[in-house]
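Residue numbers 799 to 1340, in our numbering, belong to the letters of the sequence shown in order. Backbone N, C-alpha and C define an ideal beta-carbon position, used for all residues, glycine too. It should be emphasised that the depicted structure is a prediction, and the values quoted were computed from it without experimental measurement.
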Amino acid sequence: MLLSAIGIAHPVSAQDAFDQTEELDRASAEEQRSDSADQSPRVRTGQASRVAQTQANEERLTIGSIIIDGNEALPDSHFVDLIERYTSRPLAQSDLAELADAIARRARDAGYVFATASIPPQGLSLGVLRVELDEGRVDTIRIEGADEPAIRRQLAPLAAGKPVTRAELERHILLADDISGVRILDSRFEREGDTGVLIVRARRSHAYAAVELSNDGSEPVGPIRGRISVDLNGLLASADEVDLSFGTTPLQPSELQFARASYRIVVDASGLELGAHLSYSSTDPGSFLTDRDIEGQFWRASIDASYPLLRSRNASVWVIGEFEVTDLRQDRAGALARRDRVPVVRAGIYTRGRLAGGNYRGRFTVSRGLNILSATRPGDPLASRLDASTDFTSFYGWASWDRQISGPLSIALAARGQLATDSVLATEDIGLGGPSFLRGYNFNERAGDRGIMGYGELRYDIRGKGFWLPRAQVYAYADGGVVSNLEDGLGGGSLASAGGGVRLDLTRDLDLGVEVAVPLSGPRFDSDSDGPLVNLRVQQSF
């Protein structure tokens, strides 16, 4: 580990403090993204099939042949069995209604979600019945509520003057819903004369802010930490997002200063998204490290892109790519003691959807270090590990799944792991401890080149009725993991913990979390205690 090489056994650094904040930022963003998919917009298909009376109500008609008009996408052969079923036998008015419904349902089953069928007034002197099929051609889009250019651009491909399939509708509705701050509430199809109109109801929030306090820091950096986050949507362009985060240890501000800025924009109707990010943190550890006179600085800069290969309510897949540079510096008594610079390129996928009655999410990436931009080389005496450099390839992944068991009872499972072909520097390792995995221990209590960890959570939801009886989720959890280093490097090991807590929605914008986490693999380093941790978190949104 980084500080053990200079006589300090505990891995406190600007990078550790930053990574903890970064992990929470990314988890929050992905959770919000997942929620958006779970609450898919409602789709209404418009009018039911219509049948005009061709003869007196009680008279039965013998139909010699049936002709379907208006089918552009579906061939006549798609309806042969229905035509055969209703020809050459007496048909009452109710039978004609069933025929129209069956034809419309067949088209909808083929994916044309807005399809309807009708039997117009007509003479049957030759025994020929004509059925008009409207496959749901969309000619124009009308947006109710937040009619913004970014939303209209994502929906525009649907108004191509051709029938719309469910897959096309879901993709573009959800791509519009993916725009930061946008919520697509409802969509319906109506026929206005000869014009097919897709009506979409949307809303958008242009600003969001949150203040959070927690006690998940360590004794040397914290333990009380605070963070302010601001999200601005549609600031420079209709489809962009500016995120700003600032963090510190409010009771000892000098111990941690953190700032992060990111810019993201959806560039076209395909859903291609580009982003740029810059982060900086500095630490001046206190507590039992005060006399060591250690100061740390860490910055990270990256650009990335993501593209939705598949976007639907049941399964979505994005391909992602990123170029990132991290720089970690540590001084002792004013002299440079450690320095890592790691340029890296990453590629992978992010996916989420529905599986086995629940919802899943996952991210899988391969990373390759690059020997550019003054990267740390093998044997560098200032490197966090003498046996590590940017000559590495690593494979990283995480996955989560949750589902309702019965009524308010649900279960959640998650896992994270990494494999590396070579020893990695401190910014690229994988750690145990913190608010996500191994909650009974401090952040990165164990770390290594490779590792695997997981947790299981049993949850019980309580419906609230105001401030004095808020919505709540009571849960119990257990987690464990193991990490190790190549070349017999130090810092690895295994940990386990268990506990439980409650998550409270005190108001629409005020959340409180209380958790008791018990370490099961020995004491924590900073306190030498194996007693339970009481983790607190409060967040006020605006």
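Whole-Å CB distance - E933 paired with E870, under 8 Å assumed: Along the sequence shown, one-based indexing puts residue 933 at 135. Along the sequence shown, one-based indexing puts residue 870 at 72. With 8 Å as the limit, E933 and E870 qualify as a contact, their Cβ atoms being about 6 Å apart.
DSSP-derived helix/strand/coil call for F1086: On the sequence shown, residue 1086 is found 288 positions in, with the first residue counted as 1. Of the three classes helix, strand and coil, the one that applies to F1086 here is helix, per DSSP.
From this set, I861, S1339 and R950, which residue's C-alpha is nearest S923's C-alpha? Walking along the sequence shown from the start, residue 923 turns up at place 125. It is I861 whose Cα lies nearest to the Cα of S923.
If you compare alpha carbons, which of G1320, S1068 and A1131 is closest to R1109? Position 311 of the sequence shown, counted from the first residue, corresponds to residue 1109. Of G1320, S1068 and A1131, the residue nearest in Cα terms is S1068.
Where R824 and L1076 are concerned, what is the direct C-alpha to C-alpha distance, given to the nearest angstrom? Counting from 1 along the sequence shown, the entry for residue 824 is found at position 26. Counting from 1 along the sequence shown, the entry for residue 1076 is found at position 278. Reliability fails at R824, whose pLDDT of 49 lies under 50, so the model's placement of it is uncertain and the value that follows must be treated cautiously. For R824 and L1076, the distance between alpha carbons rounds to 14 Å.
Using the C-alpha atoms, what's the distance from R1183 back to D1082? For the purposes of this step, residue 1082 is identified with residue 284 of the sequence shown, where counting begins at 1. For the purposes of this step, residue 1183 is identified with residue 385 of the sequence shown, where counting begins at 1. One C-alpha to the other measures close to 22 Å.
Between the stretch 1111 to 1121 and the stretch 1139 to 1149, do three or more beta carbon pairs fall short of 8 Å? yes
By Cβ distance below 7 Å, which residues in the same chain neighbour I901 in space, the five residues on each side in sequence not counted? Within the sequence shown, the letter at position 103 stands for residue 901. Once the five neighbours on either side are set aside, the close Cβ partners of I901 are I866, F877, L880, A915, V929 and L931.
Taking the alpha-carbon positions, what's the D1303 to A1270 distance? The count along the sequence shown starts at 1 and reaches residue 1303 at position 505. The count along the sequence shown starts at 1 and reaches residue 1270 at position 472. The straight-line gap from Cα to Cα measures roughly 6 Å.
Which residues in the same chain as L1211 place their Cβ atom closer than 8 Å to its Cβ, once the five residues preceding and following it in sequence are excluded? Here the question's residue 1211 lines up with position 413 in the sequence shown. The residues are S1198, W1199, D1200, G1252, Y1253, G1254 and E1255.
Just mark A1181 as buried or exposed, buried being the case when its beta carbon has 16 or more other beta carbons within 10 Å. For the purposes of this step, residue 1181 is taken as residue 383 along the sequence shown, with counting starting at 1. Answer is buried; the Cβ neighbour count reaches 16.
Per DSSP, which one or two residues make a beta bridge with L1217? Looking up residue 1217 in the sequence shown gives position 419. In the DSSP output, where bridge partners are listed per residue, L1217 has F1193.
Check whether the Cβ atoms of P1176 and S1187 lie closer than 8 Å to each other. Taking the sequence shown and counting its residues from 1, one reaches residue 1176 at position 378. Taking the sequence shown and counting its residues from 1, one reaches residue 1187 at position 389. The answer is yes: Cβ separation under 8 Å.
Got a sec? Which residues, its chain only, sit under 7 Å from L1308 by beta carbon, not counting five neighbours each side? Taking the sequence shown and counting its residues from 1, one reaches residue 1308 at position 510. Hits under 7 Å: Q1338.
Of all the options T1219, L1126, I997 and G1167, which has the alpha carbon lying nearest to the alpha carbon of T938? The count along the sequence shown starts at 1 and reaches residue 938 at position 140. Ranking T1219, L1126, I997 and G1167 by Cα distance to T938 puts I997 first.
Same chain only: Cβ atoms within 7 Å of I864, ignoring 5 sequence neighbours per side: The sequence position of residue 864 within the sequence shown is 66, counting from 1. Only I881, Y884, T885, L927 and V929 meet the Cβ criterion.
Rounded to whole angstroms, what is the Cα-Cα separation between N1013 and G1084? As a position in the sequence shown, residue 1013 is number 215, starting the count at 1. As a position in the sequence shown, residue 1084 is number 286, starting the count at 1. When rounded, the distance between both Cα atoms is 16 Å.
Is D879 helix, strand or coil by DSSP? As a first step, residue 879 must be located in the sequence shown, where it is residue number 81. DSSP places D879 in helix when its eight states are reduced to three.
Sequence-distant residues of its chain with Cβ nearer than 6 Å to R999 (five each side left out): Numbered from 1 along the sequence shown, position 201 holds the residue referred to as residue 999. Contacts found: E942, G943, L983 and D984.
Could you give the distance in angstroms between the alpha-carbon of P1268 and the alpha-carbon of P1048? Here residue 1268 refers to the residue found at position 470 of the sequence shown. Here residue 1048 refers to the residue found at position 250 of the sequence shown. Answer to the nearest angstrom: the Cα atoms are 28 Å apart.
Cβ-based burial, I1203 [other Cβ within 10 Å; buried from 16]: Here residue 1203 refers to the residue found at position 405 of the sequence shown. Classification of I1203: exposed, given that the 10 Å Cβ count is below 16.
Within the continuous beta strand (DSSP E) that includes P1317, where are the two ends? Stepping through the sequence shown from its first residue, residue 1317 is reached at position 519. L1308 to P1317 is the extent of the beta strand (DSSP E) around P1317.
Nearest by alpha-carbon distance to R1261: which of R1301, Y1275 and D1247 is it? The residue you call residue 1261 lines up with position 463 of the sequence shown. If we check each option's Cα against that of R1261, R1301 comes out closest.
DSSP three-state label for R1001, please. In the sequence shown, residue 1001 corresponds to position 203, counting from 1. Strand at R1001.
With distances taken Cα to Cα, identify the nearest neighbour of I917 among S892, V1314, S1221 and L967. Along the sequence shown, read from residue 1 onward, the residue named residue 917 stands at position 119. Nearest C-alpha to I917: S892.
Check each candidate in F1241, A1315 and E1285 and name the one with the smallest Cα separation from D1324. Here residue 1324 corresponds to residue number 526 of the sequence shown, with the count starting at 1. Of F1241, A1315 and E1285, the residue nearest in Cα terms is F1241.
By a C-beta neighbour count over all protein chains shown, 10 Å radius and 16 as the cutoff for buried, is L956 buried or exposed? Looking up residue 956 in the sequence shown gives position 158. L956 is buried by the Cβ-count criterion.
In the DSSP output, what is Y1273 paired with across the bridge? Looking up residue 1273 in the sequence shown gives position 475. DSSP, once it has assigned bridges, lists R1257 and G1299 as partnering Y1273.
Go through the stretch 1074 to 1136 residue by residue and report every complete run of the beta strand (DSSP E) that reaches 3 residues or more, in order. 1092 to 1109 and 1113 to 1130
For R940, count the other beta carbons within 10 Å of its own beta carbon; 16 or more makes it buried, fewer makes it exposed. Which is it? In the sequence shown, the residue the question calls residue 940 occupies position 142. Result: exposed.
Beta-carbon separation of F1121 and S1104 under 8 Å? Start at 1 with the first residue of the sequence shown, and residue 1121 comes out as number 323. Start at 1 with the first residue of the sequence shown, and residue 1104 comes out as number 306. No, Cβ-Cβ distance for F1121 and S1104 is not below 8 Å.
Measuring only the C-alpha atoms, how far is L1168 from L1310? Along the sequence shown, read from residue 1 onward, the residue named residue 1168 stands at position 370. Along the sequence shown, read from residue 1 onward, the residue named residue 1310 stands at position 512. When rounded, the distance between both Cα atoms is 43 Å.
So, using beta-carbon positions, are Y1239 and R1322 closer together than 8 Å? Translated into the one-based positions of the sequence shown, residue 1239 becomes position 441. Translated into the one-based positions of the sequence shown, residue 1322 becomes position 524. Yes. Within cutoff.
So D1277 packs on L1236, CB below 8 Å; how close in whole Å? Along the sequence shown, one-based indexing puts residue 1277 at 479. Along the sequence shown, one-based indexing puts residue 1236 at 438. Their Cβ separation, rounded to whole angstroms, is 6 Å, which keeps D1277 and L1236 in contact under 8 Å.
Since E988 is in the beta strand (DSSP E), which residue starts that stretch and which ends it? On the sequence shown, residue 988 is found 190 positions in, with the first residue counted as 1. Taken as a continuous stretch (DSSP letters only), the beta strand (DSSP E) holding E988 covers V980 to E990.
Using CA atoms only, rank isn't needed, just tell me which of N1157, A1133, L1288 and F1193 is closest to D1185. Start at 1 with the first residue of the sequence shown, and residue 1185 comes out as number 387. Nearest of N1157, A1133, L1288 and F1193 to D1185, Cα basis: L1288.
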